[in-house]
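What follows is a single structure, written as structure tokens, with notes after it.
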């Protein structure tokens, strides 16, 4: 990470003169004022050598956002905590290619008729607040834990905040293929919790906000408060099956989140601007089929300042789906 950033800064320094020469004094002053306010709002502090580079990246991202919003009607972009990151660095920090699960579970097909046109589990008091994974590639743990929390709330009528840190730090050492901050699979997390149980966030708090290196496992069996009984995968590329299973619970889904559209998503329905590469795990909490453009309701793990208070609406389409949302779908079970 440090080597990559150093090389990026070195290469960027050579282009700063060109960047500044292309801006009028008015453009420069306007951008710098917006940049200064953004730094204050998000508590961003950069070293003297890094400051010019971050401002140039910020200005380029601001221009991209403004141009997008002039022509795009389906969804809007906005400055957020990632505004001083080039897209490549953003993807490196905030998305990870999930490792392949070592669990050869059969894929399940679910079909229900007469499902409602709308459903949003987040309005039913069974979905915990949006969390922030920080600089650790632990999206898979956050995606899995969110499903476990909601499953417990639905089945046992109590919403308890579970520990993402336990899943991040302990799943790999327990013999599963997931690698903590370097990526993982929700199915591994579900099977790990089915075997060992999960602690509360209070007893095992998250410590990876600013640390990309996986902390050591500190599992305490005496603090376990919940165990699921297993997990299932849904048949790939079947949005009808996803909507059917959503009648029972929320789902873990993999998405393609490394694009500028995802980086700066603010509102509306994401209909495009994704690559086809699944690099992020999120929670599918609902849908709306009555809208002119039907959409899934997705809970992310980049904090509530991103998107719609931490959520994104993604268009419901056939095949792999928008941002590949239909391709990798799983959920925990409790018999």
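Residue numbers (mature numbering (1 follows the signal peptide of the UniProt record, and there is no 0)): -21 to -1, 1 to 314.
For each residue, glycine too, the CB sits at the ideal point set by N, CA and C.
Bear in mind that the values here come from a model prediction, so they are computed numbers and not experimental data.
| query | result |
| --- | --- |
| Buried or exposed for residue 314, going by 16 or more other Cβ atoms inside 10 Å? | exposed |
| Please report the distance separating the alpha-carbon of residue 151 from that of residue 170. | 12 Å |
| Would you mind reading off the limits of the beta strand (DSSP E) that contains residue 54? | 54 to 56 |
| At the level of alpha carbons, what is the spacing between residue 220 and residue 233? | 16 Å |
| Based on DSSP bridge pairs, tell me the residues matched to residue 123. | Per DSSP, none; premise fails for residue 123. |
| Among the candidates 263, 241, 247, 34, whose CA atom is the shortest distance from the CA of residue 254? | 241 |
| What are the partner residues of residue 291, as DSSP defines its beta bridges? | 277 |
| Could you check if residue 66 is buried or exposed, using at least 16 other CB atoms within 10 Å of its CB as the buried criterion? | buried |
| CA-CA distance, residue 295 and residue 250? | 9 Å |
| Going by beta carbon distance, what residues of the same chain come within less than 6 Å of residue -20, once the five residues before and after it are set aside? | Low confidence applies to residue -20: its pLDDT is 49, below 50, so where it sits in the model is not reliable, and the reading given next is rough at best. Taken in chain order, the list of residues that qualify is empty. |
| Less than 6 Å between C-beta atoms, sequence neighbours within five positions excluded: which residues of the same chain meet that for residue 264? | 100, 101, 106, 229, 276, 278 |
| Given this structure, state the Cα-to-Cα distance separating residue 130 from residue 123, to the nearest angstrom. | 11 Å |
| Count the other CB atoms, across all protein chains shown, that sit within 10 Å of the CB of residue 83; report buried if there are 16 or more and exposed otherwise. | The pLDDT assigned to residue 83 is 49, lower than 50, so where the model puts this residue is not dependable; a value taken from the coordinates is nonetheless given after this. Exposed, since its Cβ has fewer than 16 Cβ neighbours within 10 Å. |
| Where do the ends of the alpha helix (DSSP H) carrying residue 147 lie? | 143 to 149 |
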